[in-house]
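A.B. asks: Going left to right, the sequence shown walks through residues 50 to 377 as the numbering used here numbers them.
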Amino acid sequence: MLKLCPYRPNRPNVGVKEKDSQTKLAFLPSSTDEKRGALGTWTFDQGRSRKYLAQMIVVDEFPFSFVEKEGFRNFMRVTAPYFHSPSHRTLTRDCYQFYNEEKQILKKVFKEVRPKVFLTTDTWTSIQKINYMCLTTHFTDTNWKLHKRVINFCPISSHKGVDMAASITNCLLEWGFDTVFSITVDNASFNDVTMIEMSKQLSNWGTNIMEGQHVRCMTHILNLIVQDGLKEIDKSVKRVRQAVKYSFYDNGFLDYLCTSPCEDGTKAGAFVSGDWENVRTMVKFLKTFYDLTLKVSGSKYVTTNVHFVEIAELDLILKDMIEMKILI
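(1) Quick one: what does DSSP say residue 61 is sitting in, helix, strand or coil?
(2) Could you check where the beta strand (DSSP E) with residue 171 kicks off and where it finishes?
(3) For residue 254, I'd like the list of residues in its chain whose CB is within less than 8 Å of its CB, leaving aside the five on either flank, ordered along the chain.
(4) Rounding to the nearest angstrom, what Cα-Cα distance links residue 368 and residue 265 in this structure?
(5) Between the C-alpha atoms of residue 178 and residue 217, what's the straight-line distance to the nearest angstrom?
(6) Taking 8 Å as the cut-off, decide whether the C-beta atoms of residue 247 and residue 232 are in contact.
(7) Could you tell me whether the Cβ atoms of residue 204 and residue 219 are closer together than 8 Å?
(8) Please classify residue 243 as buried or exposed, where buried requires at least 16 neighbouring CB atoms within 10 angstroms.
(9) Using three-state DSSP, classify residue 245 as helix, strand or coil.
(10) Measuring only the C-alpha atoms, how far is residue 260 from residue 199?
(11) What does a CB cutoff of less than 7 Å around residue 346 pick up in its chain, not counting 5 residues either side in sequence?
(12) Comparing alpha-carbon positions, which option in 152, 239 and 140 lies nearest residue 201?
(13) Do residue 168 and residue 229 have their beta-carbon atoms positioned less than 8 Å apart in this structure?
(14) Report the residue ranges of all alpha helix (DSSP H) runs contained in full by the stretch 328-373; include only those spanning at least 4 residues, in chain order.
(15) Considering only the alpha carbon of each residue, which of 325, 134, 359 and 129 lies closest to residue 116?
(16) Cα separation between residue 130 and residue 92?
(17) Looking at the unbroken alpha helix (DSSP H) that takes in residue 144, where does it start and where does it end?
(18) Residues in its own chain within less than 6 Å of residue 360 by CB, not counting five upstream and five downstream?
(19) Where do the ends of the beta strand (DSSP E) carrying residue 196 lie?
(20) Once you ignore the five residues that flank residue 196 on each side, which residues in its own chain have a CB closer than 8 Å to its CB?
(21) Indicate the three-state DSSP secondary structure (helix, strand or coil) for residue 131 in the structure shown.
(22) Which word fits residue 166, buried or exposed, when buried means at least 16 other C-beta atoms lie within 10 angstroms of its C-beta?
(23) Among all the DSSP beta bridges, which residues are the ones paired with residue 232?
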């Protein structure tokens, strides 16, 4: 007897490989090279489908077990009966293969561009008490377009500076980077040791720019400026925060707040025009720092060239407020 495919009973001895699939006419989606809605040929390909399934899992951050869920399998059984849904173990291997393919493509780009890379590190400890490090590189291509890529995500033995520096060095060697323009870290104490060790390593490679000079984070400095400026009203700020938090859970608190006397014996009452004007002045003043913080914290565009101009404008604003004797 002939062996029949359960999905294609009218065609004996036919699998689901591309060479056994019949070419069909279809309206191709906009993600292809054709125009949206353009009529073209389409052939089922099990390998290509698995590749894009792995890409979907990575991009949308689905768990590997997603392909074994009943809802997904029922959906694929109706929409794509030719497709054999892989197990979560097979999908894991497909994702790893997809990672290696993309890694080789990125290595080829780095080899052609030879960029001076900007690195950003981040570390944390998972709920399983495993230490992880993420290393991100920022670089510009030949058209001066800014790119950002995660080049390493790995467990580390500890958060010690020496271990951190060793992990970063191994990653740079693996990717073939020998020219690092800057390394951005958070303000954790162990990162001081990390930067000292990395400065030594870059000096050995002969690519230590400015001898590893430490440059403070601009957003951190802005935060310190605001915190220092709010010291005079620090107690009031804390009280307002507590009042807002308390009133969120107790509707009667606002009525009590309006009727209870203040420390000097007077009642708060409603805001008058002068009170609202003070609020507007405070909001306008703090919004300057807020907008500047967002501008220099961007990760999808170059920020280094705007630092001096923005700080100079902030200095002029502060001087104008001092000369006008505006009280915050």
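Heads up, the beta-carbon is just placed ideally off N, CA and C, and yes, glycines get one too.
C.D. replies: On the basis of the supplied data:
(1) On the sequence shown, position 12 is the one that residue 61 refers to. Residue placement at residue 61 is poorly supported in this model, since its pLDDT is 42, which falls under 50; the coordinates are not used for a value here.
(2) One-based indexing of the sequence shown puts residue 171 at position 122. Where residue 171 is concerned, the enclosing beta strand (DSSP E) stretches over 166-174.
(3) For the purposes of this step, residue 254 is taken as the residue at position 205 of the sequence shown. Hits under 8 Å: 227.
(4) Walking along the sequence shown from the start, residue 368 turns up at place 319. Walking along the sequence shown from the start, residue 265 turns up at place 216. Cα-Cα distance, rounded: 24 Å.
(5) The residue labelled residue 178 in the question sits at position 129 within the sequence shown. The residue labelled residue 217 in the question sits at position 168 within the sequence shown. For residue 178 and residue 217, the distance between alpha carbons rounds to 21 Å.
(6) As a first step, residue 247 is located in the sequence shown; it is residue number 198 there, counting from the start. As a first step, residue 232 is located in the sequence shown; it is residue number 183 there, counting from the start. Taking 8 Å as the Cβ cut-off, residue 247 and residue 232 qualify as a contacting pair.
(7) Along the sequence shown, one-based indexing puts residue 204 at 155. Along the sequence shown, one-based indexing puts residue 219 at 170. For residue 204 and residue 219, no; Cβs fall outside 8 Å.
(8) For the purposes of this step, residue 243 is identified with residue 194 of the sequence shown, where counting begins at 1. That one is buried.
(9) By 1-based counting over the sequence shown, the position of residue 245 is 196. Residue 245: helix per DSSP, three-state reduction.
(10) Walking along the sequence shown from the start, residue 260 turns up at place 211. Walking along the sequence shown from the start, residue 199 turns up at place 150. Distance between the alpha carbons of residue 260 and residue 199: 26 Å.
(11) Numbered from its first residue, the sequence shown carries residue 346 at position 297. Taken in chain order, the residues that qualify are 268.
(12) Working through the sequence shown from its first residue, we reach residue 201 at position 152. That would be 152, whose Cα lies nearest to the Cα of residue 201.
(13) Counted from its first residue, the sequence shown places residue 229 at position 180. Counted from its first residue, the sequence shown places residue 168 at position 119. In this structure, residue 168 lies closer than 8 Å to residue 229 by Cβ.
(14) 356-372
(15) In the sequence shown, residue 116 corresponds to position 67, counting from 1. Checked all of 325, 134, 359 and 129; the closest Cα to residue 116 is 134.
(16) Against the sequence shown, residue 130 aligns to sequence position 81. Against the sequence shown, residue 92 aligns to sequence position 43. Roughly 14 Å between the two C-alpha positions.
(17) Mapped onto the sequence shown, residue 144 falls at position 95. Where residue 144 is concerned, the enclosing alpha helix (DSSP H) stretches over 137-162.
(18) Here residue 360 refers to the residue found at position 311 of the sequence shown. Here the set comprises nothing.
(19) In the sequence shown, the residue the question calls residue 196 occupies position 147. Where residue 196 is concerned, the enclosing beta strand (DSSP E) stretches over 195-205.
(20) Translated into the one-based positions of the sequence shown, residue 196 becomes position 147. Only 187, 188, 189 and 190 meet the Cβ criterion.
(21) Position 82 of the sequence shown, counted from the start, is the residue given in the question as residue 131. The answer is coil: DSSP assigns residue 131 none of H, G, I, E or B.
(22) Numbered from its first residue, the sequence shown carries residue 166 at position 117. Flag for residue 166 reads buried.
(23) Counting from one through the sequence shown, the residue named residue 232 turns up at place 183. Beta-bridge pairing links residue 232 to 168.
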